[in-house]
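This report refers to the structure that appears directly beneath it.
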Amino acid sequence: MKYRATNFRRKLKPYIMLMPVMIFIIGIFITGLVFGLLQSLGYFPALGLYEISLDYYKNVLQNTDFLSSFQFSLYTSFVSTLFSVVLGVFLSYLIIYTKSKRVKGLVNVYKGPILVPHTIAALLIFILFIQSGLLARIFYGLGFISDMSDFPPLIFDGGGIGIMLAYLWKGLPFITFITIDILRNLDEKYAKVAANLGASHGQVFRHVLLPQLFPTIASGFMILFAFSFGAYEIPHLLGASTPKALPVLAYIYYANIELANRANAMVINMCIAFFAFIALGLYVLAFRLLKKYGGA
Numbered sequence: 079m080k081y082r083a084t085n086f087r088r089k090l091k092p093y094i095m096l097m098p099v100m101i102f103i104i105g106i107f108i109t110g111l112v113f114g115l116l117q118s119l120g121y122f123p124a125l126g127l128y129e130i131s132l133d134y135y136k137n138v139l140q141n142t143d144f145l146s147s148f149q150f151s152l153y154t155s156f157v158s159t160l161f162s163v164v165l166g167v168f169l170s171y172l173i174i175y176t177k178s179k180r181v182k183g184l185v186n187v188y189k190g191p192i193l194v195p196h197t198i199a200a201l202l203i204f205i206l207f208i209q210s211g212l213l214a215r216i217f218y219g220l221g222f223i224s225d226m227s228d229f230p231p232l233i234f235d236g237g238g239i240g241i242m243l244a245y246l247w248k249g250l251p252f253i254t255f256i257t258i259d260i261l262r263n264l265d266e267k268y269a270k271v272a273a274n275l276g277a278s279h280g281q282v283f284r285h286v287l288l289p290q291l292f293p294t295i296a297s298g299f300m301i302l303f304a305f306s307f308g309a310y311e312i313p314h315l316l317g318a319s320t321p322k323a324l325p326v327l328a329y330i331y332y333a334n335i336e337l338a339n340r341a342n343a344m345v346i347n348m349c350i351a352f353f354a355f356i357a358l359g360l361y362v363l364a365f366r367l368l369k370k371y372g373g374a
């Protein structure tokens with residue numbers, strides 16, 4: 079009994095030591111969320127607004143600018159995250175299982191973009207892919223295009239290609255980083271048995287390695303998606319004037335000289351937070367179903 083109590087205290091000690099910091103962080107988060115919710119409902123004492131109302135939600139949710147911004151943010155976040163996950167897992171697989179020394183050398187190179195701030199990443203994408211940028215000059219010098227204006231407009235375009243390229247440049251090495259150690263430490267006996275039974279490399283990866291990687295992949299997908307959906311810097315620097323990403327639209331409302339528009343900005347922020355909570359709920363539900371029916 080004494081041993082159990084000592085063991086319990088030992089396990090509880092790290093959480094107790096983290097409690098002061100966690101109370102501070104969670105307190106700031108909850109306070110900001112509550113104040114944002116109240117302001118989105120029209121309770122804004124600094125502006126002389128004291129009446130709780132859903133009018134701001136009705137105005138924003140029925141606004142075509144909001145709907146187009148929501149679709150744009152959802153599209154750019156999902157596509158960039160999907161490509162980051164697929165290419166990141168593929169790269170980690172190549173690094174671990176290939177015999178090529180050139181590919182093995184990527185083990186240190188891929189970590190570089192993780193250390194680069196998103197603002198700098200946006201600047202690099204701008205320099206590379208703008209119509210007068212580095213790639214356009216290379217293509218023009220090689221004769222692939224007759225004029226640099228013939229280079230496709232990848233920056234400030236309505237399709238968000240520049241935004242997705244920046245997210246991909248940041249997200250791909252992140253997924254590689256979190257999956258490469260998992261692949262390195264996986265028990266190889268199942269893969270060897272499958273290979274001895276005639277399974278190809280693709281079949282081994284799909285039926286043996288991928289199920290074991292799924293929890294890590296799902297976690298990485300949700301982290302990247304939630305971040306890119308609520309990020310401001312890259313859509314602001316590389317996005318077109320229309321449609322705007324939701325965080326950019328919220329900032330425009332908040333910075334408007336008409337102070338009453340700040341309530342509209344808080345409505346958009348609450349929608350972003352609500353969507354993030356829904357995504358988190360789906361993530362938890364997926365893991366429970368996987369554990370229940372998949373034996374994870």
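79 is the number of the first residue of the sequence shown in my numbering; add one for each residue after it. Note that the Cβ used here is the ideal one computed from N, Cα and C, for glycine as well.
Check whether the Cβ atoms of residue i and residue j lie closer than 8 Å to each other.
{"i": "ASN274", "j": "VAL138", "result": "no"}
{"i": "PRO321", "j": "PHE150", "result": "yes"}
{"i": "ILE346", "j": "LEU324", "result": "yes"}
{"i": "LEU125", "j": "LEU337", "result": "yes"}
{"i": "SER170", "j": "LEU96", "result": "no"}
{"i": "MET348", "j": "SER118", "result": "yes"}
{"i": "PHE303", "j": "PHE102", "result": "no"}
{"i": "VAL344", "j": "GLY114", "result": "According to the sequence shown, residue 344 is Met rather than Val. Cβ atoms of MET344 and GLY114: closer than 8 Å."}
{"i": "LEU327", "j": "PHE144", "result": "yes"}
{"i": "HIS196", "j": "ALA354", "result": "no"}
Which residues in the same chain as residue i place their Cβ atom closer than 8 Å to its Cβ, once the five residues preceding and following it in sequence are excluded?
{"i": "ALA199", "result": "PRO191, ALA244, TRP247, LYS248, ILE312"}
{"i": "ILE174", "result": "ILE258, LEU261, ARG262"}
{"i": "THR154", "result": "GLY238, ILE241, MET242, TYR245, SER306, PRO313, ALA323"}
Below 8 Å on the Cβ atoms is my guess for residue i versus residue j; work out the distance and round it to an integer in Å.
{"i": "GLY298", "j": "ILE241", "result": "The pair is not a contact, with the Cβ atoms about 19 Å apart (cut-off 8 Å)."}
{"i": "GLN281", "j": "ALA272", "result": "7 Å"}
{"i": "VAL167", "j": "ILE253", "result": "6 Å"}
{"i": "PHE255", "j": "LEU232", "result": "The pair is not a contact, with the Cβ atoms about 26 Å apart (cut-off 8 Å)."}
{"i": "PRO251", "j": "LYS189", "result": "6 Å"}
{"i": "ALA296", "j": "ALA364", "result": "7 Å"}
{"i": "TYR121", "j": "TYR128", "result": "6 Å"}
{"i": "ALA214", "j": "PHE229", "result": "4 Å"}
Which same chain residues end up closer than 6 Å to residue i when comparing Cβ atoms and leaving out the 5 residues on each side of it in sequence?
{"i": "SER146", "result": "PRO321"}
{"i": "TYR329", "result": "none"}
{"i": "SER131", "result": "GLY120"}
May I ask you to list the residues that DSSP assigns as paired with residue i?
{"i": "PHE122", "result": "LEU127"}
So, for residue i: in the same chain, excluding its five sequence neighbours on each side, which residues have a beta-carbon less than 7 Å away from its beta-carbon?
{"i": "PHE217", "result": "ILE223, PHE229"}
{"i": "PHE148", "result": "LEU324"}
{"i": "GLY373", "result": "Below a pLDDT of 50, predicted positions are generally treated as unreliable, and GLY373, at 48, falls in that range; no measurement from the model is reported."}
{"i": "PHE283", "result": "TYR171"}
{"i": "TYR93", "result": "none"}
Any 3 or more C-beta pairs closer than 8 Å across the region 285-305 and the region 207-223 = no
Given 8 Å as the limit, is there contact between the region 235-250 and the region 198-207, that is, 3 or more CB pairs closer than that?
-> yes
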